[in-house]
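**Q**
Residue numbers (my numbering), protein chains in the order written: chain A, 1 to 426; chain B, 1001 to 1426.
Dropping the structure here:
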């Protein structure tokens, strides 16, 4: 039976889950995979934590050199997070001839090209299923299940923290700040939530996934990014009222016009399968020219779900002689021939406060019409103070035309405030 | 660049889709997969059909010997359907050293063990992603994405025809016979619909999928099977009224009690993600001990979606040296140590017609109580003729206890008829 030695760098939440799966299932993997997998080494400075997880003291390494000089280690699992140390360690592992499995989306989004170039030179594998959408095998699906397709659309909820926050805001009618605090208390959001709530995390993931799906480098820097911090309970209530829920979506489209890639909150119809993806669950929808529509749904984070993806990569790395190297020129930047769309065409949800005087809606709609924008939904709620809340939903419209319309509308004396502008993805 | 020669046996719907994908994307596969794939041979007795799809006349074979003696053919795609001829051709292909890709669920469910034994001897691959759930890469996910898991539950809508029929019955309030006729006219159901509507097709698929998921042979003969032919529009209306939709489910569970595997119509809550899988879409939900819940959703049939799975297998076969051979003893029958559950424990939906006299419900509920069955929903609709329609939903109950209760109830003079007994899967 083939023996496989694994090292785990970092025994945090995901490292701990990975250690547990690998050790608890040692006999199961012998039987089902024909592999005798042993965790030979663990790099964890908090020795107490390692011991409490059952790591034998002799297997606790205190430096990366100790790990990579261990001849019994074939595969190094990096679950430290961050990029500086992680990159250094991963490169050292590769250069000493070990295959690497990582869950680090930021590392892959920023340095995939560099790590892959070294891995190629050394003839080792570089695997990162766990970097995107936790336990959901989306990268394996793209690489080994969707080869027959030109994929034209990827659309997903790929961040558990923001989905938890938006779900709670929807269910409880609560405000963002309130729910964020609760999420932090429960461990669903970090003390510094920026990476999640400002959409950086989703940006890394859609960069990785769209590069694989479109067979072209889509650098994370080109991803247009909006977070969820300005979403209010009023937005959610008005969206609900018109049959929508608000989700943070990561979207990538590839068409003749070029590649459109963005992370933004959006209204989606309640009948859309993504609308019922709640709490910390994630889902990715894709459209391919042969397969039509596919959706994968599952837990986007957590010790064991993410550990499941890491261990899947460990087993895959041990069994397959074909390493996954991107079939495109994997540079830091996009290929010069790759066109990117900047003026996105989507539907819009616009919320305004108006003076409640006859003729205002007519003036407003004339502005949209002048900019070539068709309105599909108009709803006005007068209040007792002579004002009215107006909700508009547009048909497909270019961002530039919407901005032009909003600029004009904002200057009208009947318009008290433009309260919200959000995209709509049916 | 590696050259790959493919033969396609049968140019029906799926064969035609496969031919189209392979030929239209020849350049794309060179670029993205590093493979130069050519359809070298096509076995299709309807020569006109082959020519109309653009097959060069010189590539149209008229016998299986012509195909397998062609040294340029590396991989044989079987999309004839049926089992007799298909089995003969597949064995011939294997014995002449070709890897085989098939979409034939009946063939795999019935003869996987035999085909695999020959493939092993010959050192060739046997791939059948397209046999289950069309374009959805469920087999690849089980084999290459879920290795870290003990999978305990598979639950899915795996037949497009029945899902189309049940969706239409739900949407239009129409009766089974009426919708079946429409489905036949549209090509969604065959002239002889038995394989689909009686659940045989789902039985083959859940046998294949659960064998892979549980790492044990689960022969199709042990699958308990009920079709949808006795579902009425009244069942659907009453289910809707209590917050459910009716779907034909294929279910496999693996626990300490043994393996439970069955195909049956069932009520599922509207909030269940499977409830919104409509028309000819399919979905498979699975639960693993590490990954928790995962769901895959997509088109369960059709020329291009199924072709997508076949071409994925062709590419996988060409790229991977690791053939998939089941890691368990792949016999025709289950291993002697495999326990199967026969007395299933589920919730039940029971519809009765009663005489509308005081005390009847009390008598009825006493019968259930005596058999240890808890009722969670009771609704009575009196009519104008002194009768009442009663709908009951039970908590988890053994089939044997439910049968005992029904037997007793049927003999009560107040009970005019037992109109429907269906399982409920939340």
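For each residue, glycine too, the CB sits at the ideal point set by N, CA and C.
Since the model is a prediction, treat every value here as computed from it, not as a measurement.
1) Under 8 Å, do residue 1225(B) and residue 292(A) count as touching if we go by C-beta distance?
2) Bridge partners for residue 258(A) per DSSP, in chain order?
3) Any residues in the stretch 1304-1326 of chain B with a beta carbon nearer than 7 Å to a beta carbon of chain A? Which ones, in chain order?
4) Determine, using beta carbons only, whether residue 212(A) comes closer than 8 Å to chain B.
5) Assuming residue 274(A) and residue 247(A) make a contact with CB atoms under 8 Å, what is their CB distance in whole Å?
6) Mind listing the chain A neighbours of residue 1296(B)? Cutoff is C-beta to C-beta under 7 Å, in chain order.
7) When you check each C-beta in the stretch 1259-1279 of chain B against every C-beta of chain A, which residues fall closer than 7 Å?
8) Please list the segments of the beta strand (DSSP E) lying wholly inside the stretch 148-190 of chain A, counting only runs of 3 or more residues, in order along the chain.
9) Just grab the DSSP bridge partners of residue 1347(B) for me.
10) Please report the straight-line C-alpha distance between residue 1041(B) and residue 152(A), rounded to a whole angstrom.
11) Let me check one thing: in DSSP terms, what residues is residue 1225(B) bridge-paired to?
12) In chain B, what lies closer than 8 Å to residue 147(A) by C-beta?
13) If distances are taken between C-alpha atoms only, which option among 171(A), 170(A), 172(A), 165(A) comes closest to residue 181(A)?
14) Cutting at 6 Å between CB atoms, please list the residues of its own chain near residue 1093(B), excluding the five before and the five after it.
15) Taking the alpha-carbon positions, what's the residue 1120(B) to residue 55(A) distance?
16) Please list, in chain order, all residues of the same chain as residue 22(A) whose beta carbon is under 7 Å from its beta carbon, the five residues on each side excluded.
17) Which residues in the same chain as residue 1356(B) place their Cβ atom closer than 6 Å to its Cβ, once the five residues preceding and following it in sequence are excluded?
18) By how many angstroms is the C-alpha of residue 1281(B) removed from the C-alpha of residue 1134(B)?
19) Would you list, in chain order, the members of the stretch 1129-1143 of chain B that have their beta-carbon closer than 7 Å to a beta-carbon of chain A?
20) How about residue 159(A): is its C-beta nearer than 8 Å to some C-beta of chain B?
21) Helix, strand or coil, according to DSSP, for residue 307(A) in the structure here?
22) Quick check on residue 293(A) - is its C-beta less than 8 Å from some C-beta in chain B?
23) Within the continuous alpha helix (DSSP H) that includes residue 238(A), where are the two ends?
24) If I'm right that residue 1202(B) touches residue 1158(B) with Cβ under 8 Å, what's the distance once you round it to whole angstroms?
25) From residue 1195(B) to residue 1163(B), what distance separates their C-alpha atoms?
26) Less than 8 Å between the CB atoms is what I'm expecting for residue 270(A) and residue 174(A), so what's the real figure, rounded?
27) Within its chain, find whatever has a CB closer than 8 Å to the CB of residue 1001(B); leave out the 5 residues flanking it on each side and keep chain order.
28) For the stretch 1186-1195 of chain B against the stretch 1319-1338 of chain B, do three or more pairs of beta-carbon atoms, one drawn from each stretch, fall closer than 8 Å, so that the two count as touching?
29) By alpha-carbon positions, which one of 259(A), 98(A), 24(A), 156(A) ends up nearest to residue 317(A)?
30) Quick one: is residue 51(A) buried, meaning 16 or more other Cβ sit within 10 Å of its Cβ, or exposed?
31) Identify whether residue 35(A) lies in helix, strand or coil by the three-state DSSP scheme.
32) Which residues share a DSSP beta bridge with residue 387(A)?
33) Less than 8 Å between the C-beta atoms of residue 219(A) and residue 332(A), yes or no?
34) So with CB distances below 8 Å, who are the chain A contacts of residue 1021(B)?
35) According to DSSP, is residue 27(A) helix, strand or coil?
36) Put residue 1111(B) into one of helix, strand or coil per three-state DSSP.
**A** Once the coordinates are examined:
1) no
2) Note: residue 258(A) sits in a beta bridge opposite 255(A).
3) Taking 7 Å as the Cβ-Cβ cut-off against chain A, the residues of the stretch 1304-1326 of chain B that qualify are 1304, 1305, 1307, 1308, 1311, 1312, 1315, 1316, 1319, 1320, 1321, 1322.
4) no
5) 6 Å
6) By Cβ distance, chain A contributes 296.
7) 1273, 1276
8) Correct list: 151-157.
9) 1424(B)
10) 31 Å
11) 1263(B)
12) 1029, 1032, 1033, 1311, 1312, 1315, 1316
13) 165(A)
14) 1068, 1076, 1100
15) Our two residues, residue 1120(B) and residue 55(A), have alpha carbons roughly 40 Å apart in a direct line.
16) Cβ contact annotation for residue 22(A) (same chain, cutoff 7 Å, sequence separation greater than five): 6, 37, 39, 311, in chain order.
17) 1382, 1386, 1387, 1388
18) 9 Å
19) 1135, 1136, 1137, 1140, 1141
20) For residue 159(A), not one C-beta of chain B is nearer than 8 Å to its own C-beta.
21) helix
22) yes
23) 233-241
24) 5 Å
25) When rounded, the distance between both Cα atoms is 14 Å.
26) 20 Å between Cβ atoms; not a contact.
27) 1030, 1034, 1035, 1036
28) With the rule of 3 Cβ pairs closer than 8 Å, the stretch 1186-1195 of chain B does not count as touching the stretch 1319-1338 of chain B.
29) Nearest C-alpha to residue 317(A): 98(A).
30) exposed
31) Correct three-state label for residue 35(A): strand.
32) 355(A)
33) yes
34) 148, 290
35) helix
36) Helix at residue 1111(B).
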